[in-house]
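Colleague:
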Ligand code: NAD
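Numbering (our numbering), first residue to last: 1114 to 1595.
#1: Less than 8 Å between CB atoms is the rule here; does residue 1160 satisfy it with respect to chain D?
#2: For the alpha helix (DSSP H) containing residue 1192, name the first residue and the last one.
#3: Quick one: does the C-beta of residue 1456 sit closer than 7 Å to a heavy atom of the ligand NAD?
#4: Indicate whether the contact test is met: 3 or more Cβ pairs, each with one atom in the segment 1380 to 1393 and one in the segment 1162 to 1179, closer than 8 Å.
#5: Look up residue 1141 in the DSSP assignment and say whether it is helix, strand or coil.
#6: Using a 10 Å radius around the Cβ and a threshold of 16 neighbouring Cβ atoms, would you call residue 1247 buried or exposed?
#7: Here's the rule: buried if 16 or more other CB atoms are within 10 angstroms of the residue's CB, otherwise exposed. What is residue 1360?
#8: If residue 1316 and residue 1288 are in contact, beta carbons under 8 Å, what's the gap, nearest whole angstrom?
#9: Residue 1207 and residue 1214: beta carbons closer than 8 Å?
#10: For residue 1532, is the classification buried or exposed, using 16 other Cβ atoms within 10 angstroms of its Cβ as the cut-off for buried?
#11: From the DSSP output, which residues share a beta bridge with residue 1255?
#12: Could you say if the segment 1236 to 1255 and the segment 1181 to 1198 meet the contact criterion of at least three C-beta pairs nearer than 8 Å?
#13: If we call anything under 8 Å between Cβ atoms a contact, is residue 1151 one with residue 1139?
#14: Restricting to runs no shorter than 3 residues, where is the beta strand (DSSP E) found entirely within the segment 1294 to 1371?
#15: What three-state label does DSSP hand residue 1262 in the structure shown?
#16: Quick one: is residue 1121 buried, meaning 16 or more other Cβ sit within 10 Å of its Cβ, or exposed?
#17: Pick helix, strand or coil for residue 1420, following the three-state DSSP scheme.
#18: Would you call the segment 1520 to 1531 and the segment 1374 to 1384 touching, i.e. three or more CB-CB distances under 8 Å?
#19: Quick one: does the C-beta of residue 1324 sit closer than 7 Å to a heavy atom of the ligand NAD?
#20: Which ranges would you report for the alpha helix (DSSP H) in the segment 1383 to 1459 if only whole runs of at least 4 residues count?
#21: Given a cut-off of 8 Å, decide if residue 1398 and residue 1373 are closer than it, judged by their beta-carbon atoms.
#22: What number of angstroms, rounded off, separates the C-alpha of residue 1375 from the C-alpha of residue 1556?
#23: Taking the C-alpha atoms as reference points, what is the distance between residue 1192 and residue 1279?
#24: What does residue 1484 pair with, by DSSP beta-bridge criteria?
#25: I want to check one thing, is the minimum distance from the CB of residue 1319 to the heavy atoms of the ligand NAD below 7 Å?
#26: Which partner residues does residue 1292 have in the DSSP bridge list?
#27: Contact defined as beta carbons within less than 8 Å: I believe residue 1506 pairs with residue 1408. What is the distance between those atoms, to the nearest angstrom?
#28: Can you determine whether any heavy atom of the ligand NAD sits closer than 7 Å to the C-beta of residue 1292, and answer yes or no?
#29: Any heavy atom of the ligand NAD inside 7 Å of the beta-carbon of residue 1445?
#30: State the DSSP-derived secondary structure class of residue 1575, mapped to helix, strand or coil.
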């Protein structure tokens, strides 16, 4: 029997405050529906308080006067605090959204600290002020904080995505209000505990769990200058429209339908376990999942057989069990969505593995790891983000067609190329129009370098210096003529 986490305060402007209303969010395990946590649901009044505190932090005092180096130290303290509690954080995320323990420790709990350390490095070196020549004489080009920022976070990798936004904002000197999703808000409270211990100046960070209504309120809030949104393309479109209307700065990290391209010289025994992991890790609920596998016609059956054999070995079950590869989907709604795509796939392609619900796991939102072959790149299961453990295999004739198919997608977030010839792999990867493309690696998000999407996968980049730049405005001070 695990203890239910109960929180009664909200982290507003760096302090634990009583919430403005008594609304609560209940978090239940997607494995067996047991109660995991209850936390306050933030409301517009809490958002107003967070925005006011953030504005005050920008107006003067320690935060407004801080240097990149000082902020780097603060980011490193937050990173160290998270590392110290990584096992606890991993367990909590496994409980609240079903990420298998095997994935959680690194993918959910250690990786946020890696991201934060990357931002600390950037903050130390970032050119916040540069002297440049001008027409009449020298100018100072300054990168100043963008203002009050809001980070809207989905449930799939909640603390990792929070830290992609938090680390960049802190590095740039911009206060941030994070809005975790109602499906996975409990881990955000652990992050808030760590932030409180790290000794943030007042006003700099608020964490307000709530649903789409609170998200919309924050995006449209007149005191908010920048929004960084991660989630579905549908919601991202409305966030982007509001930001356009109100002329707010905006970064959108949306869905994906990334291609894993197996070249005809690939060593399948080495490739298949990594590529399957890159497709179904976190139960397939990853925006950069390699869910569209492109296989050469000359080795098509061999590829399908190898993928099928590997998928059949995956252990499905309680995500807390260290042997589990695939846990439950986050919610009944998400399982309905995934099952809808599987039904569609049964009509448009050849079902090779899975397609149903695993036996003996009726208490949770499980679907079997599923493989479709003979998939047409024009079909729904090849074009839309399924966000579940469902892989599709598409046939191609030569490298040119592989590149054309990889690029024939409304999305453009990630991708991978698998080959025995690294130079050929880099040449193919360099023709794929996505924000990230790896060669012979299933690490689908590079946490120290720009991450984001072409086309409908989003606008702008997170991480690296580009990620910090997105939380700044640029000012040119023209120095007086000599
Ligand atoms: P979603 O886009 O609806 O929600 C993501 C976050 O945005 C949550 O915090 C939510 O409360 C907030 N939100 C939703 N609508 C908003 C709006 N109009 N304004 C401001 N904030 C808003 O995603 P979902 O419903 O949780 O999942 C649906 C699908 O989205 C999934 O099946 C998957 O395909 C995709 N998804 C993608 C990612 C990703 O990382 N790219 C993450 C989660 C979900």
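Note that the Cβ used here is the ideal one computed from N, Cα and C, for glycine as well.
Model, not experiment: these values are computed from the prediction.
Modeller: Reading off the structure:
#1: Structure shown: chain D not included; a single protein chain is present.
#2: 1181 to 1197
#3: no
#4: no
#5: strand
#6: exposed
#7: exposed
#8: 6 Å
#9: yes
#10: buried
#11: 1242 and 1588
#12: yes
#13: yes
#14: 1318 to 1320, 1339 to 1343 and 1362 to 1366
#15: strand
#16: exposed
#17: helix
#18: yes
#19: yes
#20: 1413 to 1425
#21: no
#22: 16 Å
#23: 11 Å
#24: 1466 and 1504
#25: no
#26: 1265
#27: 5 Å
#28: yes
#29: no
#30: strand
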